[in-house]
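> The following block contains the structure, expressed as structure tokens.
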Amino acid sequence: AAENLPGLVVKLIERDARAVEIGKILTSFSDGITKRLLKLAERKFGAPPCKYAWLAFGSQARQEQVLGSDQDNGLLLPDDVDVDIDNDYFQHVAEFVNDGLDSCGMPYCPGEIMAKTDKWRQPLAVWKSYFAGWIEEPAPKAVMHSSIFFDMRHIAGDIELTKSLRGYVLDRAKSNTIF
531 AAENLPGLVV KLIERDARAV EIGKILTSFS DGITKRLLKL AERKFGAPPC
581 KYAWLAFGSQ ARQEQVLGSD QDNGLLLPDD VDVDIDNDYF QHVAEFVNDG
631 LDSCGMPYCP GEIMAKTDKW RQPLAVWKSY FAGWIEEPAP KAVMHSSIFF
681 DMRHIAGDIE LTKSLRGYVL DRAKSNTIF
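In terms of my numbering, the sequence shown has 623 at position 93, counting the first letter as 1, and numbering is strictly consecutive.
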């Protein structure tokens, strides 16, 4: 299906589709491919040992993808995850999905903002601490991360984990005058 995307985009442009519509269509494919890869990963590695949420950031979260958009994603785990035991499972799943997305034309993020990077595969409390730092310490790198991570969208897994993180971020950001 991913191999057909360039031809689809050409046809949409020939039919005067708006860029915003094309971005949403491409993002829908990215979302679907990600969900399919997660199912294939479960088939290969077994059922997840705990709940998780796969998150998209940046252009995928905003539904503004173009052909060749890079990946920006992360894995949100519950606070009670046993990182020592469960990290191997989620590392394998994340590598499988990120490698699969790359094979489907969504290249790796040059800044390594992908679930297969240890830093972006963390429990809820760690994600909260990341956002708290970006909100409270507007250093240049924090501003860059804000421009990527504050566009966050749930793709798969436990929606309640995502809602918990999103609620925390919104509460924290609204009490900061910069935001």
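Glycine included, each C-beta is placed from N, C-alpha and C at the ideal position.
Counting only the same chain and skipping the five closest in sequence on each side, list residues whose C-beta sits under 7 Å from that of G630.
Locating residue 630 in the sequence shown gives position 100, where the first residue counts as 1. Excluding sequence neighbours, G630 sits near L567.
> Kindly indicate which three-state DSSP category M674 falls into: helix, strand or coil?
On the sequence shown, position 144 is the one that residue 674 refers to. It is helical.
> Taking the beta carbon of A624 as the centre, do at least 16 other beta carbons fall within 10 Å, making it buried, or is it exposed?
Taking the first residue of the sequence shown as 1, we reach residue 624 at position 94. Buried, because 16 or more other Cβ atoms sit within 10 Å of the Cβ of A624.
> Since W584 sits in a beta bridge, which residues does DSSP pair it with?
What you label residue 584 is simply residue 54 of the sequence shown in a count that begins at 1. Checking the DSSP bridge columns, you'll see W584 partnered with L605 and A686.
> What's the gap between the Cα of Y660 and the Cα of K704?
On the sequence shown, position 130 is the one that residue 660 refers to. On the sequence shown, position 174 is the one that residue 704 refers to. Approximately 16 Å, taken between the alpha carbons.
> Assuming I685 and L585 make a contact with CB atoms under 8 Å, what is their CB distance in whole Å?
Position 155 of the sequence shown, counting from 1, holds the residue named residue 685. Position 55 of the sequence shown, counting from 1, holds the residue named residue 585. Between L585 and I685 the Cβ distance is about 7 Å, and since that is below 8 Å, they are a contact.
> Answer yes if the segment 670-682 comes into contact with the segment 585-601, meaning at least three C-beta pairs across the two stretches below 8 Å, and no otherwise.
yes
> On the premise that S676 lies in contact with W664, defined as a C-beta separation below 8 Å, what is that separation, rounded to the nearest angstrom?
On the sequence shown, position 134 is the one that residue 664 refers to. On the sequence shown, position 146 is the one that residue 676 refers to. 5 Å between Cβ atoms; contact.
> Go through its chain and collect everything with a Cβ distance to L538's Cβ below 8 Å, but skip five positions before and after it.
Along the sequence shown, one-based indexing puts residue 538 at 8. Excluding five sequence positions before and after L538, the CB atoms of its chain that fall closer than 8 Å to its own CB belong to I555, given in chain order.
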